[in-house]
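**Q** Those letters in the sequence shown? Residues 1 to 1247, per full-length UniProt numbering, in order. By construction, the Cβ of each residue, glycine as well, lies at the ideal position given by its N, Cα and C atoms. Okay, here's the structure, questions in a sec.
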Amino acid sequence: MTLLLGPPGCGKTTFLLALAGKLSQTLEVSGEITYNGYGLDEFNPRKTSTYVSQYDLHTPEMTVRETLDFSARFQGIGSRAEIIKEVSQREKQAGIVPDPDVDAYMKAISVEGTESTLQTDYILKILGLDNCADTMVGDAIRRGISGGEKKRLTTGEMIVGPTKVLFMDEISNGLDSSTSFQVVSCIQHLVHHTDATALISLLQPAPEIFDLFDDVILMAEGKVVYHGPRTYIHKFFKNCGFRCLERKGIADFIQEVISRKDQAQYWYHKEQPYRYVSVNQFIQKFKECKIGVSLEKELSDPLEKTQSRRDSLSFKRYSLSKWELFKACLRREFLLMKRNSFLYVFKTLQLLMGASMTMTVFLRTRMAVDIIHANYYLGALFFTLMLIIVDAFPELSLTVSRLEVFHKQRELCFYPAWAYAIPAAILKIPLSFLESFLLISLTYYTIGYSPEVGRFFRQFLVSFGLHVAGMSMFRLISSVSQTIVASTTAGTLALVIMSSFGGFIVTQPSMPPWLNWGFWLNPVSYGEIGMALNELLAPRWEKVKSGNTSAGQETLENRGLNFDSSFYWLSVAALFGLTALFNVIFMLALTFLKPPGKSRAMVSFERYYQLQGQEDSRDESIHNESKISVETDSFSGSETGKMVLPFQPLTVAFRDVQYYVNIPMGFKQKKVQLLSDITGAFRPGILTALMGVSGAGKTTLMDVLSGRKTGGIIEGEIRIGGYLKVQDAYARVSGYCEQTDIHTPHLTVEESLIYSAWLRLPSYIDSETKASFINEVLETIELDEIKDSIVGIAGVNGLSTEQRKRLTIAVELVANPSIMFMDEPTTGLDARAAAIVMRAVKNVVETGRTVVCTIHQPSIHIFEAFDELILMKTGGRIIYSGPLGQNSSRVIQYFQNIPGFPKIKDKYNPATWMLDVTSKSAEAQTSIDFADVYETSTLYKENIELVKQLSSPPPDSKELEFPTRFPQNGWEQFKACLWKQHLSYWRSPSYNLARFFFFSVSSVIFGILFWQRGTKINNQQDLFNALGVMYSALFFFGINSCSSILPFISIQRTVMYREMFAGMYSSWAYSFAQVIIEIPYLVGVALLYVMITYPMIGFYWSAYKVLWSFYTMFCSLLCFTYLGMMIVSLTPNTPVAFIMASSSYSVLNLFSGFYMPRPEMPSWWVWLYYLTPTSWSLNAIFTSQYGDIDKEMHAFGEPTTVSAFLENYFGYHHTSLGSVSIVLIIFPVGLALLFAYFIGKLNFQRS
């Protein structure tokens, strides 16, 4: 078992990926990698080896056990079946009777394709996941397992299989040292007992974990510095002139000794002057030492390719047969559909609501069988088609949300793309069937279509075919686009094309001949043909004559749908054919397209000029030299008095704190207690550590004390400076560094600090002082080198994990708080980065602030930087609260004084020792309840007395109060939020360029479809075509604006929760900034629409009409955009937001007055017509363009004028345009106010 060490960015992950055969094919790779003498091209390395990523990607709706069960099933049993067969034969020959338990276990894990295995239970127990085995994994919004448990699940998902080669990337991040030791110890047993090979990358391995490894690889600058036995590495560096300090972990030492900043402290030839030894010099010395020479010799002798060595390699891509793969994927898809049943029920209810409205708008009692009402029937049919296709739209977000996990499992050779794609398509068919049947059942007879039962089922068949085709098409779009923003843009563009070429808005004969392909490749066209022929060729329409032809036939001719009745069946066949085609392309896209790559961006002209060599090289070398400093081993700040702005030192005292969470319905228990009788205090100038095994309640306690819990029941007393805690005032003087590192993705590091300081430092501090304070913080946390880097989205692009962690601390530190809470500040950091962070933390403490950190697996050095410790056990009870003492002497003495307690080993990490000997299993062995022992100790009595003292306010002290709730006034909050939003929008090409592209392409499509026909109005169909183009532009541009904003605001909302908890601004300041920043972009796209479509379509040229066209489009886009924002504020996550948005589109479409004009609308729905923004937008854009045109035309065979037809048919009056213009702006203002209200009132964050 080999340990891989090195600072972040040295190439560890790339090295592991190269060994696992997972490097991108676009990279140029030289050299040779062999397994048992076989090159990577001679077998399947991805199946032979397993790469465990440092990113925890899991399906949030599955439980821990289900995740492991499915992983075990897909990975198969390897050669276990052959081994057990061979072992059984040999046992019989030798007369050996195996242990029944071992025999049963071995046979149970050798059965292929089982849904649940003993191996899963074994791994759950080993990794300490058995207590949360039936808990859902969860995500940022859904409650699930903790970060540490998620990290263990990532490891368990891979080691549950039979793979004998493990490449594991930083698997201990977020785990306490005891659990990390248990996990690595489990892997050590696996490696030693099964002759497996493991290369494990760790950031901060404790000495006892380091000692578990056989070999060590040390990397720096993309090169291997040392590769040899663990026992020799100390001697190697001693020969180079460096020695590990007392009470310093060897792993920390070897990572720091290759760093220019930390190397000097380890130089031990005091009689000789210290000289920096570079990485290349270390590499040369290693090559010359006996280990390096031996390694070179071993590599130069290739391994012989024997049959036994070949047998241990995998040559198949997948472990299961095709049928077993299909069954496993089908079962998982069905499980996920059950878990997402709320989404599907919600979607079906929305569709039924739309159907109910449709049938009461197009009511049969108001619809006659004649040439005029035939158009209303066609309108009802087309609206039904759009209702179906929009109902399929949420499939976009559902598919995109699964792609990340799919790409991971595809790379791991769990299953092929077809095994994922086919169940995804098949299991949605019953849903399509149900939704289509309910829709047609509700609408068919109430609207008054032809009463023959055969025609009812034929309309249902078309509806069903269109729904499955729509679902398949949107799945395909998601698999190609891969991101939610790109998918939304592409999906909306598909809606525009389908509706425009569908044969209703613009008839097929009116389209340019070279665009007819758009009609014949369109699912909506076949739906329109099928439903129109089914209805208008019915006997009742044949009886009504219009001239020499029937009313049905004439309507079909006017609409360009004059096909033979047999064309109905061709339409149905085309719909199911397109469904098959979309699913085949979906499968191919999943097979061959790679996931989006990761990127890092920087915004700095200064850095640009440096890179271009336009700055004096001498100045740059001086600048670089100034960065090289020799730092002492102490964590104490080297510059006292730094980062000091006026603040009030405050104590935090808490007594008998209890915390309960409610249990969902269906469980016997109504609530669970997570914290029990917590009493203690945090004091200024004292650094306190909160420790305990994973799930002990460390973060929960910190959240309760800091006021971050939005759910559950909190009991007990919390006092700040002796006064009862008031959350609003408390938020002003406290900082909270979250474990999850949530930041605005589009700002740079420096801009993030400027923004935090702007909103959180008092207004009386001048800008010059703020700027110098920000620079001091950047230097203290060592972020000055990357201050111009874009933060990015975690795991996707931007800063690395440790850089994000430091930024989180800097953002809170720049607020100059009196009290700082830090949730696992060193998790995800290597030894040197952790040391940097702890130096910064000690600097903060020395200024007299109160600082509390939860910490998981500290090295001895980091652990002993703390002054006091609160140690917790599972169940949320304290088992120690007091000082650490010199070299942890006080805490060691306390535990060793307990009768029967094991003594600490020499040079053992006290933090690891404490967690080991107080764990649940240790308590069971010793029958000691450490919480009871603590509550009867003198230490507990001293703490109770201390809490009593600190609960009384000091003389001459005042209760925390501020004249205002926030440090800045409302105008400053708005300005800061607007500044941040401006930068975010400007740096979001995926959002803004996508919508400019969408508007440009759509406008060109509309212009081409209706080329120079804007003034050629001779009959009602010409006018319907012109109005149809304007309606499509308003409605589909609006859908794009609404759908595109949903994921963007969802990301912003997560950041907003953190910033509002920190007391940075009110929800109104954030909301108005978000509302205002959209305006210039929407002005731009509205102008783009007018500039492209107006000359192409050839509308009437006058400044009045052009301005009305622009104003109407702008107000409509504002409405839809602010509607999207409001929907996000009302929904817990993006998929639900998409479903709610889809139902909104149906209402906005139905009551727009295009399908059913206001004069014909039932009186009981007229109120909703007036409350629908699209009805006013259509009124404005139609009336301003044609309401004053008195040109003669024929409408349904009768002579009339254009303006008169608009008045009589649609009820639009040119004289009412003034009041319409006012209403157009009232709608977006109202929606913006609702967004601002709900975003502040509703909080969907996991609490």
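With DSSP as the reference, label Gln25 as helix, strand or coil.
**A** Your numbering for residue 25 matches position 25 in the sequence shown. In this structure, Gln25 counts as coil in the three-state DSSP scheme.
**Q** Give a yes or no on whether the C-beta atoms belonging to Ile233 and Ile254 are separated by under 8 Å.
**A** Numbered from its first residue, the sequence shown carries residue 233 at position 233. Numbered from its first residue, the sequence shown carries residue 254 at position 254. Going by C-beta atoms, Ile233 is nearer than 8 Å to Ile254.
**Q** When the Cβ atoms of the segment 15–25 are set against those of the segment 270–281, are three or more pairs found closer than 8 Å?
**A** Not touching, per the Cβ criterion.
**Q** Quick check: Ala976 and Leu759, are their CB atoms within less than 8 Å of each other?
**A** Taking the sequence shown and counting its residues from 1, one reaches residue 976 at position 976. Taking the sequence shown and counting its residues from 1, one reaches residue 759 at position 759. For Ala976 and Leu759, yes; Cβs fall inside 8 Å.
**Q** The beta strand (DSSP E) that contains Cys737, what's its start and end?
**A** Locating residue 737 in the sequence shown gives position 737, where the first residue counts as 1. Taken as a continuous stretch (DSSP letters only), the beta strand (DSSP E) holding Cys737 covers Ser734 to Cys737.
**Q** Please say whether Ser432 and Val471 have beta carbons closer to each other than 8 Å?
**A** On the sequence shown, position 471 is the one that residue 471 refers to. On the sequence shown, position 432 is the one that residue 432 refers to. This sequence places Met at residue 471; Val is not what is there. Cβ distance < 8 Å, so Met471 and Ser432 count as in contact.
**Q** Report the three-state DSSP secondary structure of Met62 (helix, strand or coil).
**A** What you label residue 62 is simply residue 62 of the sequence shown in a count that begins at 1. Three-state DSSP puts Met62 in coil, outside helix and strand.
**Q** Can you tell me the Cα-Cα spacing of Ser772 and Asp916, whole angstroms?
**A** For the purposes of this step, residue 772 is taken as the residue at position 772 of the sequence shown. For the purposes of this step, residue 916 is taken as the residue at position 916 of the sequence shown. Each residue's Cα considered, the two are about 45 Å apart.
**Q** Going by C-alpha to C-alpha distance, which of Leu1233, Glu1192, Leu1224 and Ala1180 sits closest to His1213?
**A** Residue mapping note: residue 1213 aligns to position 1213 of the sequence shown, counting from 1. Residue Ala1180 is the option with its Cα nearest to His1213.
**Q** Could you pull the start and end residues of the alpha helix (DSSP H) that Phe966 belongs to?
**A** Translated into positions along the sequence shown, residue 966 becomes position 966. Looking at the DSSP string, Phe966 is not in any alpha helix (DSSP H), and its letter there is neither H nor E.
**Q** Quick check on this structure: which residue in Ile388, Ile790 and Pro595 has the alpha carbon closest to the alpha carbon of Val400?
**A** For the purposes of this step, residue 400 is identified with residue 400 of the sequence shown, where counting begins at 1. Out of Ile388, Ile790 and Pro595, Pro595 has the C-alpha closest to the C-alpha of Val400.
**Q** What are the start and end residues of the alpha helix (DSSP H) that includes residue 1253?
**A** As shown, the chain starts at 1 and ends at 1247. That puts residue 1253 outside it, with no answer to give.
**Q** Residue range of the beta strand (DSSP E) that Arg455 falls in?
**A** Walking along the sequence shown from the start, residue 455 turns up at place 455. No beta strand (DSSP E) holds Arg455; the alpha helix (DSSP H) holding it covers Val453 to Ser481.
**Q** List the endpoints of the continuous alpha helix (DSSP H) containing Leu650.
**A** In the sequence shown, counting from the first residue as 1, residue 650 sits at position 650. Per DSSP, Leu650 belongs to no alpha helix (DSSP H) and is neither H nor E.
**Q** Locate the alpha helix (DSSP H) running through Val506, then write down its first and last residues.
**A** Looking up residue 506 in the sequence shown gives position 506. Segment: none, Val506 is in no alpha helix (DSSP H) and carries neither H nor E.
**Q** Less than 8 Å separating the beta-carbons of Glu157 and Thr67?
**A** In the sequence shown, counting from the first residue as 1, residue 157 sits at position 157. In the sequence shown, counting from the first residue as 1, residue 67 sits at position 67. It is a contact, given that the beta carbons lie within the stated cut-off.
**Q** How many angstroms separate the CA atom of Asn1018 from the CA atom of Gly1007?
**A** For the purposes of this step, residue 1018 is taken as the residue at position 1018 of the sequence shown. For the purposes of this step, residue 1007 is taken as the residue at position 1007 of the sequence shown. Taking the straight line from one Cα to the other gives about 20 Å.
**Q** Tell me which residue opens and which closes the alpha helix (DSSP H) that Gln1052 is part of.
**A** Looking up residue 1052 in the sequence shown gives position 1052. Gln1020 to Phe1061 is the span of the alpha helix (DSSP H), which, as asked, contains Gln1052.
**Q** With the cut-off set at 8 Å, would you say Phe1120 and Gly1028 are in Cβ contact?
**A** Taking the first residue of the sequence shown as position 1, residue 1120 is located at position 1120. Taking the first residue of the sequence shown as position 1, residue 1028 is located at position 1028. In this structure, Gly1028 does not lie closer than 8 Å to Phe1120 by Cβ.
**Q** Around the Cβ of Asn280, are there at least 16 other Cβ atoms within 10 angstroms (buried) or fewer (exposed)?
**A** Looking up residue 280 in the sequence shown gives position 280. Per the 10 Å Cβ criterion, exposed.
**Q** Can you tell me the Cα-Cα spacing of Phe242 and Leu218, whole angstroms?
**A** Translated into positions along the sequence shown, residue 242 becomes position 242. Translated into positions along the sequence shown, residue 218 becomes position 218. Computed Cα separation, rounded: 16 Å.
**Q** By the three-class DSSP mapping on this structure, what secondary structure does Asp784 have?
**A** Counted from its first residue, the sequence shown places residue 784 at position 784. Three-state DSSP puts Asp784 in a helix.
**Q** For a test of the three-state rule: what should DSSP assign to Glu170, helix, strand or coil?
**A** Taking the sequence shown and counting its residues from 1, one reaches residue 170 at position 170. The answer is coil: DSSP assigns Glu170 none of H, G, I, E or B.
**Q** Counting Cβ pairs closer than 8 Å, one from the segment 151–169 and one from the segment 44–64, do we hit at least three?
**A** Flag = yes, the segment 151–169 and the segment 44–64 touch.
**Q** Relative to the alpha-carbon of Ser1003, which residue among Leu1082, Ala1086, Ser1041 and Glu972 has its alpha-carbon at the smallest distance?
**A** Within the sequence shown, the letter at position 1003 stands for residue 1003. Selected option, being the one with the closest Cα: Ala1086.
**Q** Indicate the three-state DSSP secondary structure (helix, strand or coil) for Phe567 in the structure shown.
**A** Your numbering for residue 567 matches position 567 in the sequence shown. Here Phe567 sits in helix by DSSP.
**Q** With a cut-off of 8 Å, do at least 3 Cβ pairs link the segment 535–542 to the segment 509–525?
**A** Counting Cβ pairs under 8 Å, fewer than three are found: no touch.
**Q** Check the C-beta distance from Leu199 over to Thr2 and give it rounded, since I have them as a contact under 8 Å.
**A** Taking the sequence shown and counting its residues from 1, the one referred to as residue 199 is at position 199. Taking the sequence shown and counting its residues from 1, the one referred to as residue 2 is at position 2. With a Cβ gap of about 5 Å, Leu199 and Thr2 count as contacting.
**Q** Report the rounded CA-to-CA distance for Arg607 versus Glu751, giving the unit in angstroms.
**A** The sequence position of residue 607 within the sequence shown is 607, counting from 1. The sequence position of residue 751 within the sequence shown is 751, counting from 1. Annotation note: pLDDT 47 at Arg607 (below 50); position unreliable, no value reported.
**Q** Around the Cβ of Pro1047, are there at least 16 other Cβ atoms within 10 angstroms (buried) or fewer (exposed)?
**A** By 1-based counting over the sequence shown, the position of residue 1047 is 1047. Under this definition Pro1047 is a buried residue.
**Q** Taking only the alpha-carbon atoms, compute the straight-line gap between Pro430 and Phe576 and give it to the nearest angstrom.
**A** The residue you call residue 430 lines up with position 430 of the sequence shown. The residue you call residue 576 lines up with position 576 of the sequence shown. Straight-line Cα distance between these residues: approximately 15 Å.
**Q** Note down the Cα distance separating Pro394 from Ile388, rounded to an integer number of angstroms.
**A** Translated into the one-based positions of the sequence shown, residue 394 becomes position 394. Translated into the one-based positions of the sequence shown, residue 388 becomes position 388. Their Cα atoms are separated by approximately 12 Å.
**Q** Express the C-alpha separation of Glu221 and Gln610 in angstroms, rounding to a whole number.
**A** Reading the sequence shown from its first residue, position 610 is the one you call residue 610. Reading the sequence shown from its first residue, position 221 is the one you call residue 221. Any reading at Gln610 is ruled out, since the residue's pLDDT is 48, under 50, leaving its predicted position unreliable.
**Q** Evaluate Ser1116 with the Cβ neighbour count: other Cβ atoms within 10 Å of its Cβ, from every protein chain shown; 16 or more gives buried, anything less gives exposed.
**A** Translated into the one-based positions of the sequence shown, residue 1116 becomes position 1116. It counts as buried.
**Q** Quick check on Ser278: does DSSP put it in helix, strand or coil?
**A** Translated into positions along the sequence shown, residue 278 becomes position 278. In the structure shown, Ser278 sits in coil (DSSP, three-state: anything other than H, G, I, E or B).
**Q** So, helix, strand or coil for Leu1178, using DSSP?
**A** Residue numbering aside, residue 1178 sits at position 1178 when the sequence shown is read from its first letter. DSSP places Leu1178 in helix when its eight states are reduced to three.
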